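Residue numbers (the working numbering): 179 to 304.
So, in structure tokens, the structure goes:
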């Protein structure tokens with residue numbers, strides 16, 4: 179039997195993202211994980227499939243936004259395999275655009291590995 183998801187696990191994942199250490203981040207994902215990024219061509223944003231592809235995607239995002247960081251607002255564990263994280267993302271794109279948005283991750287886990295990460299951001303308008 180696998181361990182249920184915990185608040186501590188969610189906090190460790192956000193800490194990994196804030197470290198911008200791609201290997202540390204990738205270690206949290208299952209080999210067959212799917213990351214639904216908030217931006218993309220599809221209604222789901224962009225579906226990034228597989229741990230290595232996710233690692234490549236994250237590395238490219240950090241190249242575009244080198245100081246990207248997440249400020250946790252709260253985490254909620256729904257059951258043994260699902261959770262929600264609310265955060266504020268900040269950073270400066272290399273294009274000069276500043277990012278500050280409230281966002282949510284919907285998580286599904288297999289044991290202590292991320293199986294699905296579905297990300298949503300608020301969009302600011304003028």
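Think of the CB as a built atom: it goes at the ideal place given N, C-alpha and C, for glycine as much as any other residue.
Please read all numbers here as calculations on a predicted model, not as lab measurements.
Alpha-carbon spacing of residue i relative to residue j, whole angstroms
i: residue 256; j: residue 262; result: 7 Å
i: residue 272; j: residue 283; result: 24 Å
i: residue 259; j: residue 189; result: 16 Å
i: residue 278; j: residue 242; result: 15 Å
i: residue 138; j: residue 250; result: No statement about residue 138 is possible, as the shown extent of the chain runs from 179 to 304 and does not include it.
i: residue 244; j: residue 270; result: 7 Å
i: residue 182; j: residue 202; result: 21 Å
i: residue 276; j: residue 219; result: 22 Å
i: residue 186; j: residue 209; result: 22 Å
i: residue 198; j: residue 254; result: 23 Å
i: residue 184; j: residue 194; result: 16 Å
i: residue 306; j: residue 274; result: Given that the chain is displayed from residue 179 to residue 304, the structure contains no residue 306 and the question cannot be resolved.
Residues near residue i by beta carbon distance below 7 Å, same chain, minus five either side
i: residue 252; result: 264
i: residue 207; result: 229, 232, 291 and 292
i: residue 298; result: 216, 281 and 282
8 Å contact criterion, which residue i and residue j should meet: CB distance rounded
i: residue 248; j: residue 192; result: 6 Å
i: residue 267; j: residue 237; result: That belief does not hold up - the Cβ atoms of residue 267 and residue 237 are roughly 17 Å apart, past 8 Å.
Residue from the options whose Cα sits closest to the Cα of residue i
i: residue 232; options: 300, 301, 296 and 303; result: 296
i: residue 227; options: 237, 219, 203 and 215; result: 215
i: residue 281; options: 245, 288 and 217; result: 217
i: residue 294; options: 240, 211, 195 and 184; result: 211
i: residue 196; options: 246, 239 and 287; result: 246
Contact check, residue i vs residue j, beta carbons under 9 Å
i: residue 221; j: residue 235; result: no
Other residues of its chain near residue i: CB distance less than 8 Å, five sequence neighbours each side excluded
i: residue 301; result: 279
i: residue 204; result: 229, 230, 232, 233 and 236
Cut-off 6 Å between Cβ atoms - residues of its own chain near residue i, not counting five sequence neighbours on either side
i: residue 288; result: 208
i: residue 239; result: none
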